[in-house]
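Novice: There's a structure below that I have some questions on.
Protein chains: 2
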Amino acid sequence: MSGRLFGVGLGPGDPELLTLKATRILREASVIAYPLSEGGASLARSIAEPHLGPAQREIAIELCMSTERAPGQGAYDLAAPRIAAELDAGHDVAVLCEGDPFFYGSFLQLFARLGHRYPTEVVPGVSSVMAAAARTRRPLCARTDRFAVLPATLADDALLSAIAAAESVAILKLGRHFARVKALIEGMGLTDRATYAERIGQAGERVLPLGETGETAPYFAMILLYKGAEPAILDALNGPHLR
Amino acid sequence: MSGRLFGVGLGPGDPELLTLKATRILREASVIAYPLSEGGASLARSIAEPHLGPAQREIAIELCMSTERAPGQGAYDLAAPRIAAELDAGHDVAVLCEGDPFFYGSFLQLFARLGHRYPTEVVPGVSSVMAAAARTRRPLCARTDRFAVLPATLADDALLSAIAAAESVAILKLGRHFARVKALIEGMGLTDRATYAERIGQAGERVLPLGETGETAPYFAMILLYKGAEPAILDALNGPHLR
Chain A
1 MSGRLFGVGL GPGDPELLTL KATRILREAS VIAYPLSEGG ASLARSIAEP HLGPAQREIA
61 IELCMSTERA PGQGAYDLAA PRIAAELDAG HDVAVLCEGD PFFYGSFLQL FARLGHRYPT
121 EVVPGVSSVM AAAARTRRPL CARTDRFAVL PATLADDALL SAIAAAESVA ILKLGRHFAR
181 VKALIEGMGL TDRATYAERI GQAGERVLPL GETGETAPYF AMILLYKGAE PAILDALNGP
241 HLR
Chain E
1 MSGRLFGVGL GPGDPELLTL KATRILREAS VIAYPLSEGG ASLARSIAEP HLGPAQREIA
61 IELCMSTERA PGQGAYDLAA PRIAAELDAG HDVAVLCEGD PFFYGSFLQL FARLGHRYPT
121 EVVPGVSSVM AAAARTRRPL CARTDRFAVL PATLADDALL SAIAAAESVA ILKLGRHFAR
181 VKALIEGMGL TDRATYAERI GQAGERVLPL GETGETAPYF AMILLYKGAE PAILDALNGP
241 HLR
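Next comes the structure, spelled out in structure tokens:
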């Protein structure tokens, strides 16, 4: 009988935001696999570390965080057969994934390669979007609000049409797109409705009104934008909660 | 010194999907408060129960789940001063909230009434949307997909414009709007791109392709719709993962 493949959502970075289920799977799995950046660091592994044991085998998926269209594809092509060999031998493999595995998660790379061949279970996690709202004490949405999540990598027209059709918006993965997105929001006259959140739940966490930011942002940064009419959310945007 | 107000996200219903932080706050708070439906049941309290102690005081917020525009406003008007009295006396109060407190959460009612007066902290939780994707083994979004969350209570034009401006969509709170929303999706020719998920993480959980559903749905039901081009998500929609 083959082992089971787990995609384990670890939440945004705060080690207290792991779920009980994630900690159980991390303790029980024979093998853990995790993405490793070019510099040799793994945020996912560092979040999971308190729950790992010395007898577990580890498979590092060595990524090259390049700007090519499909970064890390080669790394997943190399990692998939190593993980498959463990599953074939009857060992459970837990793949560590920041945030939620099925919400822009890196786990999709392995799910596409192995999910149809092995019994697969996904452990949902707290998204960085919900964590950013909690951290800034600024609700995301209520009642009939439409809520859109948009990668900053999108072209202007795709961003604009989605922002037009929502009351609340989270724009993720800002990085080198930050100045363009910030200008887009300014052009819509929505800067005073926007909150900037950087590295939520990680070292170097920072939140401030969008109008007070500089011209650059890291990849792990997002903008929360609220165009709706919910008084409690409008109050929170401009209230004393942010700092 | 006043006590602290906590909005505690409990996740979708599975008791293993609580975060470590939620379980700590539930253990430490002097007082817990939770919404109670007309029938005397509290899903939130039942999720939290294993972590509550006999010495904690409890404040039940007695809701009447009516179809009026602002259900339960009166219940929150009554509960807020009771909670404020505990906070004034220096006691921490944990308000239990299914899912995530700031993502269509009932906690917003108390945040609006008390958040500006007392030190307030929100503990983010796993959303039922991420839990439904995990349960159906059907990823929500990847790469440059735009993801929209829409309450089924919206009028057709508001739903249509938002669906047009997204690659992936979750439609929540179906209840009496189910037949209309289902017909809307059929009219767009997207039925075979849609998954139905009911009471995820709760007793009576059920998932199936939208085309195989009947004509009614409970309030705690959602539709996941994928219009994008990610091969792994398209495979999962029609693959053996759903059952």
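Protein chains in written order, with the UniProt record's numbering: chain A, 1 to 243; chain E, 1 to 243.
Glycine residues also receive a C-beta, built at the ideal position from the N, C-alpha and C atoms.
Here the structure is a predicted model, which is why all the values come from computation and not from measurement.
With distances taken from CA atoms, which of Phe-107(A), Ala-84(A) and Arg-137(A) is nearest Tyr-118(A)?
Specialist: Cα-wise, what sits closest to Tyr-118(A) is Ala-84(A).
Novice: Use the C-beta contact count for Arg-57(E): other C-beta atoms within 10 angstroms, 16 or more gives buried, fewer gives exposed.
Specialist: Its Cβ having fewer than 16 others within 10 Å, Arg-57(E) is exposed.
Novice: Tell me, please, which residues DSSP counts as bridged to Ala-221(E).
Specialist: DSSP output for Ala-221(E) lists Glu-198(E) as bridge partner(s).
Novice: Going by the beta-carbon positions, is the gap between Arg-135(E) and Ile-223(E) smaller than 8 angstroms?
Specialist: In this structure, Ile-223(E) does not lie closer than 8 angstroms to Arg-135(E) by Cβ.
Novice: Looking at the unbroken beta strand (DSSP E) that takes in Glu-186(A), where does it start and where does it end?
Specialist: No beta strand (DSSP E) contains Glu-186(A), which is instead part of the alpha helix (DSSP H) from 178-187.
Novice: Do you know how far the Cα of Val-8(E) is from the Cα of Pro-54(E)?
Specialist: Going from the Cα of Pro-54(E) to the Cα of Val-8(E) covers about 19 angstroms.
Novice: Do Glu-198(A) and Pro-218(A) count as a contact pair if the criterion is CB distance below 8 angstroms?
Specialist: Contact: yes.
Novice: Span of the alpha helix (DSSP H) holding Tyr-76(E)?
Specialist: 73-88 is the span of the alpha helix (DSSP H), which, as asked, contains Tyr-76(E).
Novice: Quick one: Cα of Ala-33(A) to Cα of Leu-5(E), how far?
Specialist: Roughly 38 angstroms separates the two Cα atoms.
Novice: Which of the three DSSP states, helix, strand or coil, is assigned to Glu-215(E)?
Specialist: Coil, per DSSP.
Novice: Under 8 angstroms by Cβ, that's how I've got Cys-64(E) and Glu-98(E) pegged, so tell me the actual separation to the nearest angstrom.
Specialist: So it is not a contact: roughly 18 angstroms between Cβ atoms.
Novice: Would you kindly check if the distance between the Cβ of Pro-124(E) and the Cβ of Val-126(A) is under 8 angstroms?
Specialist: In contact: Val-126(A) and Pro-124(E) (Cβ atoms closer than 8 angstroms).
Novice: By DSSP, does Glu-121(A) sit in helix, in strand, or in coil?
Specialist: If DSSP states are grouped into helix, strand and coil, Glu-121(A) belongs with the strands.
Novice: Under a three-way DSSP split, which group does Val-126(A) fall into?
Specialist: It is coil, neither helix nor strand.
Novice: Exposed or buried, Leu-159(E), counting other C-beta atoms within 10 Å across all chains shown (16 or more means buried)?
Specialist: The residue in question, Leu-159(E), is buried, as its Cβ has 16 or more Cβ neighbours within 10 Å.
Novice: Do you know how far the Cα of Arg-113(A) is from the Cα of Ala-29(A)?
Specialist: Rounded to the nearest angstrom, the two C-alpha atoms are 20 angstroms apart.
Novice: Closer than 8 angstroms, Cβ to Cβ, to anything on chain E: give me those residues from the stretch 154-168 of chain A, in chain order.
Specialist: Going along the stretch 154-168 of chain A in chain order, one finds Leu-154, Ala-158, Ser-161, Ala-162, Ala-164, Ala-165 and Ala-166 with a Cβ nearer than 8 angstroms to chain E.
Novice: Report the rounded CA-to-CA distance for Ile-163(A) versus Ser-2(A), giving the unit in angstroms.
Specialist: Roughly 45 angstroms separates the two Cα atoms.
Novice: Using a C-beta to C-beta distance shorter than 7 angstroms, which residues of chain B count as neighbours of Val-126(E)?
Specialist: In the structure shown, chain B does not exist; the protein chains are A and E.
Novice: Can you tell me which of Pro-151(A), Cys-141(A) and Ser-128(A) puts its alpha carbon nearest to the alpha carbon of Pro-15(A)?
Specialist: Of the candidates Pro-151(A), Cys-141(A) and Ser-128(A), the one whose C-alpha sits nearest the C-alpha of Pro-15(A) is Ser-128(A).
Novice: In chain E, which residues lie less than 9 angstroms from Arg-137(A) when you measure between Cβ atoms?
Specialist: Phe-102, Phe-111, Gly-115, Thr-120, Glu-121 and Val-122, listed in chain order.
Novice: Taking 8 angstroms as the threshold (C-beta atoms), are Ile-185(A) and Ala-179(A) in contact?
Specialist: It is not a contact, given that the beta carbons lie outside the stated cut-off.
Novice: Here's a check: name, in chain order, each residue in its chain whose Cβ is nearer than 7 angstroms to the Cβ of Lys-21(E), leaving out the five neighbours to either side.
Specialist: Val-123.
Novice: Quickly, what does DSSP pair Arg-206(A) with across the bridge? List them, please.
Specialist: In the DSSP output, where bridge partners are listed per residue, Arg-206(A) has Glu-198(A).
Novice: Rounded to whole angstroms, how far is the Cβ of Thr-144(A) from the Cβ of His-177(A), which I believe are closer than 8 angstroms?
Specialist: At roughly 30 angstroms, the Cβ-Cβ gap does not stay under 8 angstroms, so Thr-144(A) and His-177(A) are not in contact.
Novice: Which partner residues does Leu-172(E) have in the DSSP bridge list?
Specialist: Answer is Pro-151(E).
Novice: Just how far apart, CA to CA, sit Thr-120(A) and Leu-78(A)?
Specialist: For Thr-120(A) and Leu-78(A), the distance between alpha carbons rounds to 19 angstroms.
Novice: State yes or no: is the C-beta of Tyr-104(A) within less than 8 angstroms of the C-beta of Ala-229(E)?
Specialist: Not closer than 8 angstroms, so no.
Novice: Under 8 angstroms between the Cβ atoms of Arg-133(A) and Leu-140(A)?
Specialist: The displayed chain sequence assigns Ala, not Arg, to residue 133(A). Against a cut-off of 8 angstroms, the Cβ pair of Leu-140(A) and Ala-133(A) comes out as a contact.
Novice: Are Leu-96(A) and Arg-24(A) closer than 8 angstroms when you measure CB to CB?
Specialist: Contact: no.
Novice: Do Arg-137(E) and Ala-236(E) have their beta-carbon atoms positioned less than 8 angstroms apart in this structure?
Specialist: Yes, they are a contact pair.
Novice: Please confirm if Thr-67(A) has its CB atom under 8 angstroms from at least one CB of chain E.
Specialist: The predicted position of Thr-67(A) is uncertain, since its pLDDT is 47 and thus under 50; a value taken from the coordinates is nonetheless stated next. So no, Thr-67(A) is outside the interface.
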